[in-house]
Amino acid sequence: MTTSDPKPVLMFDSGIGGLTVLREARVLMPERRFVYVADDAGFPYGGWDEEQLRERIVTLFGDLIERYDPEIAVIACNTASTLVLGDLRSAFPQTPFVGTVPAIKPAAERTRSGLISVLATPGTVKRQYTRDLIGDWASKVHVRLVGSERLAGLAETYMREGFVDESAVRDEIAPCFIEHDGRRTDIVVLACTHYPFLVNRMRKTAPWPVDWIDPAEAIARRALSLLPKERRPHEPMPTEPDNAVFTSGNPDPAIRRLMQGFGLRS
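Position 81 of the sequence shown, counted from 1, bears residue number 81 in the UniProt record's numbering, the numbering being contiguous throughout.
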């Protein structure tokens, strides 16, 4: 990084899901350099013991912050955010953190039927954080929490291979759709950053049309709001390319190609 470059924005996810947030962040922050960190050695997070995963992520960030000195860190992963965001802020108070939490509040505000579903990983579904969001913002509507074991992996497969088993997608999203007293689910919150990569397949296999809430733009806007405003309009374009970092050190060649397609050097 040259002296003219601002500090990078660090974006962290268990795999490729955070690329949906990176895509939006680049639109809003074209002058910024990004470091995208994929914890592919730990993917998927769903099967981890909570304390072990918490310790892993905090330890990883000790190295990442020392290595990249980011202006801000975006945890582009619902599972990690609902588990460890508070620990990261306590451990690294000099670094602003932006988390990713289920978009329950906007869903509750927008629903007309009063029936919404939150499609997430099992870890996000079982967290008290998620249930507190429902209590705080959606107490007057019915919220169904749907924990999918397979969708994140299906998204990774789709992005690597360009193909996904649509019947598998249909089976994973089916519990989101409920009918009650003539009303139907009308909003599904995508509470995992991997899921927007499959949203077209979800629309195709859904039993009826719904609004699918993708939080990527809101996350990017929150990150932008925390950057130093006095410097942004005059900052030069970065002189170094955006980087992809893999915790395994040896990513799947297809994933490496995908990162290159997103303009990330690894």
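Where a beta carbon is used, it is the ideal one built from N, C-alpha and C, also for glycine.
Just reading off the beta strand (DSSP E) that residue i is part of, what are its end residues?
i, result
"Tyr45", "Taken as a continuous stretch (DSSP letters only), Tyr45 belongs to no beta strand (DSSP E), as it is neither H nor E."
"Phe197", "From DSSP, Phe197 is part of no beta strand (DSSP E); its letter is neither H nor E."
"Ile16", "Taken as a continuous stretch (DSSP letters only), Ile16 belongs to no beta strand (DSSP E), as it is neither H nor E."
"Asn78", "That residue, Asn78, is in no beta strand (DSSP E); its alpha helix (DSSP H) goes 78-91."
Which whole-angstrom value describes the C-beta separation of residue i and residue j, a residue pair presumed to lie in contact below a C-beta threshold of 8 angstroms?
i, j, result
"Pro242", "Phe12", "The sequence given here places Asp at residue 242; Pro does not occur at that position. Contact doesn't hold; Cβ gap of about 14 angstroms is too wide."
"Ala73", "Ala244", "Actually they do not touch by this definition, with Cβ atoms about 16 angstroms apart."
"Ala80", "Pro102", "At roughly 13 angstroms, the Cβ-Cβ gap does not stay under 8 angstroms, so Ala80 and Pro102 are not in contact."
"Arg127", "Thr193", "Actually they are not in contact, since the Cβ atoms of Arg127 and Thr193 sit about 16 angstroms apart, beyond 8 angstroms."
"Glu71", "Pro6", "6 angstroms"
"Ile16", "Met159", "6 angstroms"
"Thr20", "Asp214", "7 angstroms"
"Arg32", "Val9", "5 angstroms"
"Thr100", "Ile75", "6 angstroms"
"Leu198", "Val169", "6 angstroms"
"residue 291", "Pro122", "No answer is possible for residue 291: the residues shown for the chain start at 1 and end at 266."
"Thr130", "Leu145", "7 angstroms"
"Leu224", "Tyr36", "The Cβ separation is near 17 angstroms, so there is no contact."
Relative to the alpha-carbon of residue i, which residue among the options has its alpha-carbon at the smallest distance?
i, options, result
"Val188", "Val37, Ile104, Phe163, Leu19", "Ile104"
"Gly62", "Cys77, Phe43, Pro93, Thr82", "Pro93"
"Glu156", "Glu31, Phe43, Arg23, Pro30", "Phe43"
"Ile57", "Leu88, Leu28, Glu71", "Leu88"
"Asp40", "Gly263, Ser248, His180, Ala254", "Ser248"
"Glu161", "Asp186, Asp252, Tyr129", "Asp252"
"Asn78", "Asp136, Val125, Leu264", "Val125"
"Asp136", "Ser148, Pro106, Gly153", "Pro106"
"Val27", "Ala216, Ser14, Leu151, Ala152", "Ala216"
"Glu55", "Tyr195, Leu85, Phe163", "Leu85"
"Pro30", "Leu154, Val169, Glu240", "Glu240"
"Pro228", "Ala25, Pro96, Thr59, Ser90", "Pro96"
"Val98", "Tyr195, Ala25, Gly182, Phe177", "Ala25"
"Ser14", "Ser266, Phe246, Phe262", "Phe246"
"Arg184", "Ala91, Thr111, Val164, Thr59", "Thr111"
"Gly18", "Asn200, Asn250, Tyr195, Ser266", "Tyr195"
"Phe163", "Asn200, Glu149, Glu51, Asp181", "Asn200"
Under DSSP, the alpha helix (DSSP H) around residue i begins and ends at which residues?
i, result
"Ile187", "Element bounds for Ile187: not the alpha helix (DSSP H) but the beta strand (DSSP E), 187-191."
"Leu64", "50-68"
"Ser167", "166-173"
"Ala108", "104-110"
"Leu133", "128-137"
Determine which residues share a DSSP beta bridge with residue i and list them.
i, result
"Phe34", "Val9"
"Trp212", "Val188"
"Ser148", "None, per the DSSP bridge assignment."
"Arg183", "His180"
"Leu264", "Asp242"
"Ile255", "None, per the DSSP bridge assignment."
"Ile116", "Val143, Ile187"
"Phe97", "Ala73"
So does residue i have its beta carbon nearer than 7 angstroms to some heavy atom of the ligand MN?
i, result
"Phe97", "Absence of the ligand MN is noted for the structure shown, with no ligands found whatsoever."
So, does the region 135-153 touch the region 112-120, judging by three or more C-beta pairs under 8 angstroms? The region 135-153 is in contact with the region 112-120.
How about the region 199-213 and the region 170-178: do they share at least three Cβ pairs that are nearer than 8 angstroms? Yes: at least three Cβ pairs fall under 8 angstroms.
Does the region 43-59 come close enough to the region 217-226 that 3 or more CB-CB pairs lie under 8 angstroms? By the Cβ criterion, the region 217-226 is not in contact with the region 43-59, since fewer than three pairs of Cβ atoms, one from each stretch, lie closer than 8 angstroms.
Tell me, please, whether the region 254-263 touches the region 64-73 by the rule of three or more beta-carbon pairs shorter than 8 angstroms. Segment contact: the region 254-263 against the region 64-73, fewer than three CB-CB distances shorter than 8 angstroms; contact not assigned.
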